[in-house]
Amino acid sequence: MVKNILQYLEKTVENYPDKIAFTDINREVTYKEIMENAQKLGTHLSKKNTRNSPIAIIIDKTVECLEAMFGVLYSGNFYTVIDTKSPIARIKLILDTLEPIAVITDQKNLGKVETYVDQNIYVYEKMINEKMESAVLCDIRRKMIDTDPMYVLFTSGSTGIPKGTVISHRAVIAYANWVTKTFDITSETIWGSQTPFYFSMSITDVFSTVLSGATFHIIPKSYFSFPIKLLEFIKEKGINSIYWVPSALCLVANFKALEEVEIPNLKKVLFAGEVMPTKQLNEWIKKLPDALFANLFGPTETTDICTYYIVNRKFENTENLPIGQACDNCDILVIKEDGTEAKLDEAGELCVRGSFLASGYYRNMERTLKAFVQNPLNKKYPEIIYKTGDIVKYNKDGELMYLSRKDFQIKHMGYRIELGEIEAAVNNIEGVIICACIYDKNNSKIVMYYQGENLNEKDLLAKTRAKLPVYMCPSELVKLQSMPYNANGKIDRNKLKEMLEN
0 MVKNILQYLE
10 KTVENYPDKI
20 AFTDINREVT
30 YKEIMENAQK
40 LGTHLSKKNT
50 RNSPIAIIID
60 KTVECLEAMF
70 GVLYSGNFYT
80 VIDTKSPIAR
90 IKLILDTLEP
100 IAVITDQKNL
110 GKVETYVDQN
120 IYVYEKMINE
130 KMESAVLCDI
140 RRKMIDTDPM
150 YVLFTSGSTG
160 IPKGTVISHR
170 AVIAYANWVT
180 KTFDITSETI
190 WGSQTPFYFS
200 MSITDVFSTV
210 LSGATFHIIP
220 KSYFSFPIKL
230 LEFIKEKGIN
240 SIYWVPSALC
250 LVANFKALEE
260 VEIPNLKKVL
270 FAGEVMPTKQ
280 LNEWIKKLPD
290 ALFANLFGPT
300 ETTDICTYYI
310 VNRKFENTEN
320 LPIGQACDNC
330 DILVIKEDGT
340 EAKLDEAGEL
350 CVRGSFLASG
360 YYRNMERTLK
370 AFVQNPLNKK
380 YPEIIYKTGD
390 IVKYNKDGEL
400 MYLSRKDFQI
410 KHMGYRIELG
420 EIEAAVNNIE
430 GVIICACIYD
440 KNNSKIVMYY
450 QGENLNEKDL
460 LAKTRAKLPV
470 YMCPSELVKL
480 QSMPYNANGK
490 IDRNKLKEML
500 EN
């Protein structure tokens, strides 16, 4: 019985001990090496004599960070990876909520960490010299169960305080099994990783790697500013599978990099995190007609994903991609405001049940009880579902379509409007690279920020009015040299709101 994600690592070490598991720009490790290094770290941490306690990791996206993650799990505790480049004020908020028993960092980040952490700092370069004690680690493992927390992942909270989502071993085991089976992830898979380890999308490629014996290349973040260099890296490493945010895929398409560098080995292109513009997706499909393309969808609270759509037909640039169907061992409900189930073509909130669900929010029972609730369709026994806050509906083909976030839905000129619908329409206008809409409540107007080429404001407004009713058309257009993105690679809407306020 698999009750701990480390069992997958250990099984893969038996099958592929000397196979390259993970690489970064400076280092590569085999499966045997990463397990042995993690066991050393776990032994060192075990001297804290704690179980199911939080340990923070403040290390860049490197092989060392991965070893620290697995090391924490060997110690019987759970980890939180924190962005080394986050403002210190935000890191402090996370640490205040987490109250970790230890903070793991490396020599590179130690000086900075010491300015805001005054005790229980563990340095990777010293910990790695520990002698592994198998009896200690076996005793820790014997006491662990599959509902024990594996990690806490912090995302931005509406109150300004980051919220920590608690994910168990059981959830990651169920999710990793689905990913590996659905997308045929094997020992032949070579991942090219884009997303940070403090972002839920990383769970997909990291733990499907561990389960299958695949190889995982960390792509240097700077390469995502240079599309040609990025594709050359993919070609050089023989990468055949990627799982990126749409912004990264759009960057490559918009700069015509696919015209310059051929990447015939790339066979799987998965994406999630935000809406994928069909125009740019079609550019990728044109260049890689035999590759599998899939739109994955879900929040951090469902480990990473709850629905998916494998692209199986041609879409016009003006069409929106479905988010498809529920993942195996995961069930979705579309619930209307009156608590009843939505029918075909009726909009409702996406709710999720099953093994992928988070345990709740860390040290925030009030928020947990609001989001993780009794299934309103089940009056017979306790059954928890998660309310995602995403508005969806089924199309005539029975495919789930994403409409908007509940908090992207506005009331303007007497109409209920989805800002995502405006963005989807404008993103398909020739010359628009990317756009994002913000609602200015104080002045009751829709402001659209956009990045484009060979397009003046007057023409863009005319083309927008040709696609949308008057009440949905932006009142103000703001052209940007570059769209702001957050650390996860998504459009930074908070930054746009700040620009609006200033």
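For the sequence shown, numbering that gives the first Met the number 0 gives the first residue as 0, with consecutive numbering after it.
C-beta: ideal position from N, C-alpha, C; glycine also.
All values derive from a computational prediction rather than experimental measurement.
Asked, Found
"First and last residue of the uninterrupted alpha helix (DSSP H) at D204", "S201 to S211"
"Neighbourhood of E318 by C-beta, 8 Å cutoff - its chain only, sequence neighbours within 5 removed", "T277"
"Reduced DSSP category for N256 - H, G, I as helix; E, B as strand; rest coil", "At residue 256 the sequence reads Ala, which differs from the Asn that was named. Looking at A256 - three-state DSSP - the assignment turns out to be helix."
"Bounding residues of the beta strand (DSSP E) (the contiguous stretch that carries L44)", "Run containing L44: none in the beta strand (DSSP E); it sits in the alpha helix (DSSP H), Y30 to S45."
"Assigned secondary structure, M447 (DSSP; H/G/I helix, E/B strand, else coil)", "strand"
"Pick from Y484, L295, N316 and A67 that is closest to I322, judged by C-alpha positions", "L295"
"Rounded Cβ spacing between A55 and T79 (contact assumed at less than 8 Å)", "5 Å"
"Cβ pair V351, I384 closer than 8 Å", "yes"
"Whole-number beta carbon distance between L250 and P226, since they are thought to touch under 8 Å", "6 Å"
"Backbone CA spacing between Y307 and K220 [nearest angstrom]", "26 Å"
"Residue burial classification, G413 (beta-carbon count within 10 angstroms, cutoff 16)", "exposed"
"Span of the beta strand (DSSP E), counted from its first residue to its last, around M400", "L399 to R404"
"Simplified DSSP assignment, three categories, for D147", "coil"
"Segment limits, alpha helix (DSSP H) that includes Y78", "Run containing Y78: none in the alpha helix (DSSP H); it sits in the beta strand (DSSP E), F77 to V80."
"E98, buried or exposed, once every other Cβ within 10 Å from all chains shown has been counted against 16", "exposed"
"Buried versus exposed call for E169 [16 or more other C-beta atoms within 10 Å across all chains shown]", "With the sequence shown as reference, residue 169 is identified as Arg, and Glu is not the correct amino acid for it. Buried, because 16 or more other Cβ atoms sit within 10 Å of the Cβ of R169."
"Assigned secondary structure, K440 (DSSP; H/G/I helix, E/B strand, else coil)", "coil"
"Helix, strand or coil at A88 [DSSP, three-state]", "helix"
"Spatial distance of G237 from K378 (CA atoms)", "53 Å"
"Rounded separation between I81 and V165 - CA only", "15 Å"
"Extent of the continuous beta strand (DSSP E) to which R352 belongs", "G347 to G353"
"Continuous beta strand (DSSP E) assignments of at least 3 residues falling wholly in the region 337-397", "347-353, 371-373 and 383-393"
"Span of the beta strand (DSSP E) around A271", "Element bounds for A271: n/a, residue is neither H nor E."
"Pick from D138, N108 and A134 that is closest to E124, judged by C-alpha positions", "N108"
"Whole-angstrom distance between L5 and A213, CA atom to CA atom", "16 Å"
"Three-pair Cβ contact test at 8 Å for the region 144-156 versus the region 177-195", "no"
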